[in-house]
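Numbering (the UniProt record's numbering), first residue to last: 1 to 272.
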C-alpha cells in the first residue's frame, strides 16, 4: 500500500533527508587513501546522533552498522571493515537517518584519490541518470516511466543496469511501496500522485548487469568483478512535480564541485 504524505510530513522527511545529506558532506572530506570504512562508519554514527537523529540502517533487518560501504565491484550493502581505502578506489556510501518518526535514505559514490577515466565516466553517467529518472517523477506518470528513462540513459552508454535491487517508497518505514526499479517500460506500473515520496537510486555496473551475493548475507558484487556506481535521492511529488528532499550540496561544497542541477527540483535552493 502506498502511503501518501501531507505537506507537513514531507517537511519532516526533508529534515531527515538533510541530516543524511550533511553526513555525506562530512564524510566527503574524510574519504581518502588510508582511511578504513569502519572509521568512516563510526564518524557517521556520531554525526547523526549529534544532530538529533538515529542511524537508520543500524539494526535494520539486523544490519550491523550505520553505513552501507561498497567499494569498487561491490554494488550495495557492503559491511564496513578495517581494510584501508587506496588511491584509485571508488566507494558507494549509503546512509539512513531516522528523525521525527521519518526516514531519510541517500547515497553517493566517492572517488578515492585519482581514479581511472573510465571509472570516473561510470560515476558521472550514473549520477546523471538519477536526475534523468527524477525528471519523470510527475503526477500522472508511472513507475515504468522513471525506470525506462534510467535504463535507456545508462544502457545507451554501454553499462549494465542491476535488476534485483531497486529504489522504493520512503516514510515512517525505510522501505514502503512502490518499488522503483531502474529499468522498465513506459506507461506501466503504479501511477504517481501528489504526496508520494520515493527513494530513486540507480545502481549501474561497468560491465554485466548480473550480480552475486557474499556469504555474509549482505554484500552484493558484480558478477564480472567490474566496478559499480550508486547514487540516491529522496524525492517527493509536490504540486504535480518532483521535489528533491535530499541534496548533494554538502558533498559538492566539500569536493569543490560547482553545479546547479538540483535547483529546478526545489522551491528554494539550500543555502539561499
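Don't be surprised by glycine CBs; every beta carbon is placed ideally from N, CA and C.
Everything numeric in this text was worked out from a predicted model, so none of it was measured.
Residues of its chain near residue i, where Cβ-Cβ distance is below 6 Å and the 5 sequence neighbours each way are ignored
i	result
residue 229	109, 122, 123, 126 and 204
residue 97	16, 19, 20, 48, 53, 56 and 104
residue 206	122, 226 and 227
residue 189	142, 143 and 144
residue 238	none
residue 45	55 and 66
residue 70	76, 78 and 92
residue 221	73, 74 and 212
residue 149	132, 133 and 136
Reduced DSSP secondary structure (H/G/I, E/B, other) of residue i
i	result
residue 165	coil
residue 272	Residue placement at residue 272 is poorly supported in this model, since its pLDDT is 44, which falls under 50; the coordinates still yield a value, given next. Note: residue 272 maps to coil in three-state DSSP.
residue 159	coil
residue 222	strand
residue 82	coil
residue 204	strand
residue 139	coil
residue 261	coil
residue 37	helix
residue 13	helix
residue 191	strand
residue 30	coil
residue 21	helix
residue 48	helix
Range covered by the alpha helix (DSSP H) that runs through residue i
i	result
residue 126	117-134
residue 105	Taken as a continuous stretch (DSSP letters only), residue 105 belongs to no alpha helix (DSSP H), being part of the beta strand (DSSP E) at 102-111.
residue 58	From DSSP, residue 58 is part of no alpha helix (DSSP H); its letter is neither H nor E.
residue 96	Run containing residue 96: none in the alpha helix (DSSP H); it sits in the beta strand (DSSP E), 90-99.
residue 75	Note, residue 75: premise wrong, no alpha helix (DSSP H); beta strand (DSSP E) at 74-76.
residue 252	249-255
Nearest residue (CA-CA) to residue i, options the options
i	options	result
residue 162	241, 69 and 223	223
residue 33	264, 90 and 24	90
residue 116	72, 95 and 149	72
residue 226	186, 149 and 209	209
residue 156	128, 144 and 106	128
residue 131	12, 201, 78 and 220	201
residue 75	152, 175, 232 and 13	232
residue 287	152, 192 and 94	Absent from the structure is residue 287, since the part of the chain shown begins at 1 and ends at 272.
residue 171	148, 191, 262 and 196	196
residue 113	30, 146, 50 and 211	30
residue 186	151, 240 and 194	151
residue 2	10, 88, 149 and 193	193
residue 51	183, 149 and 99	99
residue 236	159, 221 and 136	136
residue 164	153, 158 and 183	183
Cutoff 7 Å; reference residue i; Cβ partners in own chain excluding five residues on either side
i	result
residue 265	134, 242, 243 and 244
residue 35	84 and 85
residue 179	166 and 168
residue 68	57, 76, 77, 78 and 94
residue 177	1, 2 and 169
residue 240	138, 139 and 194
residue 106	17, 20, 21, 24, 95, 232, 233, 234 and 246
residue 60	174
Limits of the unbroken beta strand (DSSP E) element including residue i
i	result
residue 228	228-230
residue 67	67-71
residue 212	211-213
According to DSSP, residues forming a beta bridge with residue i
i	result
residue 174	Per DSSP, none; premise fails for residue 174.
residue 53	BP columns for residue 53 are empty, so no partner.
residue 243	236
residue 197	236
residue 43	None, per the DSSP bridge assignment.
residue 180	167
Contact set for residue i: own chain, Cβ-Cβ below 8 Å, skip 5 residues either direction
i	result
residue 252	258 and 259
residue 8	none
residue 272	The predicted position of residue 272 is uncertain, since its pLDDT is 44 and thus under 50; no value can be drawn from it.
residue 43	26, 27 and 30
residue 41	65, 66, 67, 69 and 80
residue 5	13, 171, 195, 196, 197 and 236
residue 118	206
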